[in-house]
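In the numbering used here, the protein residues as written are 1 to 253. No residue lacks a Cβ here, since even glycine has one placed at the ideal position from N, Cα and C. Scroll down for the structure; my scribbles are underneath it.
Structure, rendered in structure tokens:
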């Protein structure tokens with residue numbers, strides 16, 4: 001459901017802003033397999049500016065958004081200022097930017113989102129590119145939790161080669177952002193026997209190389225994180241999204 005919000009335009013008989021809000025919101029929502037709620041709001045004063053493709057701003061809020069690759073986002077907010085679009089393209093259901101834009105971004109992932117992500121075929125396939133002692137790995141029953149100390153705890157069972165006795169990997173770590181685009185597990189504390197610790201260390205090195213936002217970016221976009229906050233049961237990322245053009249297709253299906 002796409003709902004246009006009209007907080008900046010007092011005239012209720014205007015339809016241009018509603019049309020642009022609906023199309024722009026739908027264009028972003030189409031990048032996701034499903035969503036619980038989507039709200040879009042175009043700001044333009046006077047509304048006649050839309051005919052020249054000039055927008056004062058655009059706000060987008062999505063909740064419960066499921067990506068085509070299986071990853072889930074609890075909340076995604078985008079706030080843009082001074083946008084220039086090809087207004088005629090709106091009537092074909094498309095949003096075409098006349099110049100690249102930069103949006104302020106806020107994204108929330110819950111404990112459940114993190115667990116779901118680490119169990120999707122999309123992520124599992126990437127994890128299983130790691131080998132241990134020359135043997136392929138098989139991950140199952142991965143669980144992510146946020147501790148009372150606001151650290152992340154990961155538990156997973158890892159099969160090594162053809163062995164039918166999986167190794168339990170259990171570690172707790174803080175997370176931080178490096179170079180505004182790499183999410184890193186740091187201050188890692190490992191649990192279990194030496195075999196579990198050795199495998200956990202190999203896994204941490206592998207995951208830290210995987211969590212590069214440029215590897216997950218949607219077509220024509222670039223994501224950068226300025227800071228993150230670990231809450232009681234979620235992680236909030238604050239940053240920017242640079243958008244050269246609204247994506248025309250789905251990436252990372």
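Residue i versus the options, residue with shortest Cα-Cα distance
i, options, result
"residue 209", "184, 195 and 238", "184"
"residue 77", "56, 163, 170 and 60", "60"
"residue 178", "154, 24, 151 and 228", "228"
"residue 79", "176, 25 and 152", "25"
"residue 51", "33, 42, 88 and 150", "88"
"residue 212", "149, 126 and 150", "126"
"residue 120", "85, 128, 71 and 156", "71"
"residue 169", "175, 160 and 233", "160"
"residue 86", "146, 23, 116 and 234", "23"
"residue 234", "155, 148 and 206", "148"
"residue 47", "66, 19 and 30", "19"
Cβ-based burial, residue i [other Cβ within 10 Å; buried from 16]
i, result
"residue 13", "Annotation note: pLDDT 37 at residue 13 (below 50); position unreliable, coordinate value reported separately. Answer is exposed; the Cβ neighbour count stays below 16."
"residue 187", "exposed"
"residue 231", "exposed"
"residue 40", "buried"
"residue 142", "buried"
"residue 17", "buried"
"residue 131", "exposed"
"residue 111", "buried"
"residue 21", "buried"
"residue 44", "buried"
"residue 34", "exposed"
"residue 82", "exposed"
Reduced DSSP secondary structure (H/G/I, E/B, other) of residue i
i, result
"residue 60", "strand"
"residue 216", "coil"
"residue 25", "helix"
"residue 239", "strand"
"residue 121", "helix"
"residue 103", "strand"
"residue 257", "Here the chain comprises residues numbered 1 to 253, so residue 257 is not present and cannot be evaluated."
"residue 196", "helix"
"residue 226", "strand"
"residue 152", "strand"
"residue 43", "strand"
"residue 208", "helix"
"residue 162", "coil"
"residue 170", "strand"
"residue 147", "coil"
"residue 245", "coil"
"residue 176", "strand"
"residue 82", "strand"
"residue 129", "coil"
Contact under 8 Å by Cβ, residue i with residue j
i, j, result
"residue 73", "residue 109", "yes"
"residue 171", "residue 200", "yes"
"residue 139", "residue 69", "no"
"residue 221", "residue 189", "no"
"residue 225", "residue 237", "yes"
"residue 99", "residue 63", "no"
"residue 181", "residue 214", "yes"
"residue 246", "residue 97", "yes"
Whether or not the stretch 104-111 and the stretch 187-200 are in contact is what I'm after, with contact meaning three or more pairs of Cβ atoms, one per stretch, closer than 8 Å; do they touch?
Three or more Cβ pairs closer than 8 Å define a contact, and the stretch 187-200 falls short of that threshold against the stretch 104-111.
Would you be able to state if there are at least three C-beta pairs under 8 Å between the stretch 146-166 and the stretch 91-98?
With a cut-off of 8 Å, the stretch 146-166 and the stretch 91-98 do not count as touching, because too few Cβ pairs lie within range.
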